[in-house]
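Chemist: For the protein sequence lines, the chains are P and A, in the order given. Using our numbering, the first residue of the first sequence is number 37, and each one after it goes up by one. Using our numbering, the first residue of the second sequence is number 37, and each one after it goes up by one. Every residue, glycine too, gets a C-beta built ideally from N, C-alpha and C. The structure displayed is predicted, hence computed values, not measured ones. My structure is below; once you've seen it, I'll send some questions.
Number of protein chains: 2
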Amino acid sequence: MKTKAKDTKPYHHGNLRDALLTAARRLLETEGHSDLSLRKCATAVGVSATAPQNHFANKAALLTALAAQGYAELEAYMRRNSNEAADRNVRRQAALQGYVAFAQDHPALYELMFARDRVSSNDADLMRQVGACFVILADISKDFGQFEGDPASVDAKRQMFLWSLVHGYAQLLTANRFKKDAMLGAGILDIIPDMLIESGR
Amino acid sequence: MKTKAKDTKPYHHGNLRDALLTAARRLLETEGHSDLSLRKCATAVGVSATAPQNHFANKAALLTALAAQGYAELEAYMRRNSNEAADRNVRRQAALQGYVAFAQDHPALYELMFARDRVSSNDADLMRQVGACFVILADISKDFGQFEGDPASVDAKRQMFLWSLVHGYAQLLTANRFKKDAMLGAGILDIIPDMLIESGR
DNA sequence: GTCTTCATGTGTGCAGTGTAAACTTTTTCT
DNA sequence: AGAAAAAGTTTACACTGCACACATGAAGAC
C-alpha cells in the first residue's frame with residue numbers, strides 16, 4: 037500500500053452483507069417496496085452496483101433475508117413486556133398487542149413477510165424464524181378452548197384460529213380496510229370474545 | 037387503403053382495456069406478479085408497447101383495476117351456493133367456504149388485493165367492490181355474539197373479528213404457513229368454535 | 001359531403017433495473 | 001513467498017415504466 041491518506045475507503049467493505057440489509061430495510065420503510073432496488077442499496081452503502089451479487093444470489097435472496105430479520109423482530113415485539121410477566125393473562129395480552137404493534141410500526145416489512153413470490157418460502161433461515169414466532173403463538177393458543185376432535189387436531193385448530201385472527205387483524209389494519217370509527221377504536225384484544233378464553237391453567 | 041386482405045388487423049383494437057386486463061390476469065396467475073409487465077400484456081394482446089398508456093395512467097392503475105375485478109369475483113364466490121339457500125347456517129357456511137376457495141383458486145390475485153403499495157387504495161371503483169364484499173361478511177357476522185360495548189361497537193367488533201379470521205386463514209393457507217398435517221385437514225369452518233355462533237335469529 | 005376533432009393507436013428515446021461475465025484487489029491459507 | 005479464495009470493479013445486455021411526438025381512423029359539425 038502506497039501510504040496515501042490513512043483513512044481512505046478500504047477496498048473490501050468488511051461487513052457489506054449487513055450493511056446492505058440495513059440500507060434495504062431503510063429504503064423499504066421510507067420509499068416503499070416498489071422503490072427498493074439492489075442498485076440503490078449498493079450506492080447507499082457506497083459500493084459498486086453489482087457488489088451485492090457477492091452476498092445475495094439475487095434480489096429475492098435479499099428480500100428473504102429481510103423477511104427473516106422481520107420475523108426475528110416480530111418475535112422480540114411479542115416477547116417484550118411478556119417474558120417477565122408471571123401472570124399468563126398478562127403475557128398473552130402483551131404478546132398479541134406486540135404482534136399488532138410490530139405490523140403497525142413496520143407495515144411494508146410485515147407485508148413482505150407474507151408475500152408469496154418475493155421471498156423464497158423454502159429458505160431454511162426464514163423458516164426457522166417463522167417457527168420461533170409460531171412457538172409463542174402456539175403456546176398462547178392453549179388458552180383458547182372449545183374445539184372438537186382428537187387432542188392433536190384440537191391443538192392445530194387452536195393455533196390456526198389464533199394466528200389467523202391476529203394476522204388477519206394486523207394486515208387489515210395496516211391495509212386500511214377498517215374504516216368505520218367504531219372499528220378504529222377496537223384493538224386486537226377487543227375483538228377476541230372473552231368466552232373463548234380459558235383464563236386459568 | 038389499398039384494399040389488401042380484407043381481414044387485416046384494424047388500427048383500433050376496439051376493446052383494448054378489457055383485453056389488457058384479461059392478459060394481465062392470465063400473466064399474473066401463470067407467471068406470477070414479478071413477471072407481470074405492461075409490455076408483456078401489450079404484446080400478448082398484439083398491440084404496441086405503449087398502447088396501454090391510453091387506458092391506464094400507469095402500472096398501478098392497471099393493478100388496481102385487476103384488484104377491483106378480484107373483489108368482484110370474490111363476491112361471486114361468496115354468493116355462489118349461498119343466495120338460494122334459505123337456511124341461514126347454510127348461507128353462512130357457503131359464503132365463508134367460498135371466500136377461502138377464491139383465495140386458493142387465485143392466490144396471486146388475492147395477494148394483490150391486499151398489497152399496500154401496488155394498488156392505489158383510494159380508487160373509487162376498487163373501494164366500491166371492497167364494500168360489496170364487506171356487506172356479505174358484515175351480514176354473516178351478525179351470527180357471532182358475545183362482544184361487549186354499545187350496539188355500534190359490538191357490530192364493528194363482530195365484523196372485524198370475522199373478516200380478520202377468514203382473511204388471516206385464507207392468506208396463511210395460500211402462503212403455506214400452515215404446515216402440520218393436522219392443520220392441512222382443517223377448513224375455515226373447523227377453526228370457528230361452535231360456541232361462538234348464535235345459530236338462531 | 002367535407003372538415004375538424006379527438007380518442008386511440010405507433011415509434012422513439014431515456015433513465016433505471018437485475019443479472020451475467022471478465023477482470024482486479026485484498027485476505028487467507030499452506 | 002506464493003497460491004487460492006473472497007470480495008470488490010467495470011462492462012454489457014435484455015428488459016422495464018414512462019414521456020413525448022406523431023399517425024390513424026371514427027364521429028360529429030357545418
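Going by C-alpha to C-alpha distance, which of L110(A), A222(A) and N125(A) sits closest to A139(A)?
Modeler: Nearest C-alpha to A139(A): L110(A).
Chemist: Can you give the Cα-Cα distance for R75(A) and D54(A), rounded to whole angstroms?
Modeler: When rounded, the distance between both Cα atoms is 16 Å.
Chemist: Do we get a CB-CB distance below 8 Å when we pair P143(A) with the residues of chain P?
Modeler: Yes, its Cβ sits closer than 8 Å to a Cβ of chain P.
Chemist: Should Q148(P) be labelled buried (16 or more other beta-carbon atoms within 10 Å of its own) or exposed?
Modeler: Reading off the sequence shown, one finds Leu at residue 148(P), where the question assumed Gln. That one is buried.
Chemist: Which ranges would you report for the alpha helix (DSSP H) in the region 108-145 of chain P if only whole runs of at least 4 residues count?
Modeler: List check, alpha helix (DSSP H) in window: 124-141.
Chemist: Closer than 7 Å by C-beta to T86(P): which residues in its own chain qualify, once you throw out the five before and the five after it? Chain order, please.
Modeler: For T86(P), where only same-chain residues beyond five positions count, there are no Cβ hits under 7 Å.
Chemist: For Y107(P), return the contacting residues in chain A, with the cut-off set at a CB-CB distance below 9 Å.
Modeler: None at all; the shortest Cβ gap to chain A is about 11 Å.
Chemist: Determine the burial state of R194(P): buried for a count of at least 16 other Cβ atoms within 10 Å of its Cβ, exposed for fewer.
Modeler: Under this definition R194(P) is a buried residue.
Chemist: Using 8 Å as the limit for Cβ to Cβ distance, is G134(P) near chain A?
Modeler: No, its Cβ sits nowhere closer than 8 Å to a Cβ of chain A.
Chemist: Please state whether the Cβ-Cβ distance between L99(P) and C77(P) is less than 8 Å.
Modeler: In this structure, C77(P) does not lie closer than 8 Å to L99(P) by Cβ.
Chemist: At the level of alpha carbons, what is the spacing between Y113(A) and L132(A)?
Modeler: Those two C-alpha atoms are separated by around 9 Å.
Chemist: Distance check for D175(P) and K40(P), CA to CA, integer angstroms please.
Modeler: Residue placement at K40(P) cannot be trusted, given a pLDDT of 39 that sits under 50; what the coordinates show is reported in the next sentence. Distance between the alpha carbons of K40(P) and D175(P) is about 59 Å.
Chemist: Please check if any C-beta of chain A sits within less than 8 Å of the C-beta of S157(P).
Modeler: Closer than 8 Å: yes.
Chemist: Just to confirm the assignment, what range does the alpha helix (DSSP H) spanning I176(P) have?
Modeler: First-last of the alpha helix (DSSP H) with I176(P): A160 to S177.
Chemist: Does P229(P) come within less than 8 Å of chain A when only Cβ atoms are used?
Modeler: True, the Cβ-Cβ gap to chain A drops below 8 Å.
Chemist: With distances taken between CB atoms, is the gap from V171(A) to L162(A) smaller than 8 Å?
Modeler: No, Cβ-Cβ distance for V171(A) and L162(A) is not below 8 Å.
Chemist: To the nearest angstrom, report how far apart G50(A) and Q105(A) are at their CA atoms.
Modeler: Distance between the alpha carbons of G50(A) and Q105(A): 20 Å.
Chemist: Using the beta-carbon count (16 or more within 10 Å), is R210(P) buried or exposed?
Modeler: Note that residue 210(P) is Thr in the sequence shown, not Arg. Buried is the call here.
Chemist: Given this structure, state the Cα-to-Cα distance separating V81(A) from K45(A), to the nearest angstrom.
Modeler: Their backbone Cα atoms lie some 12 Å apart in a straight line.
Chemist: Alpha carbons only, please: which of F150(P), R115(P) and A96(P) is nearest the one belonging to G204(P)?
Modeler: When only C-alpha atoms are compared, the closest one is F150(P).
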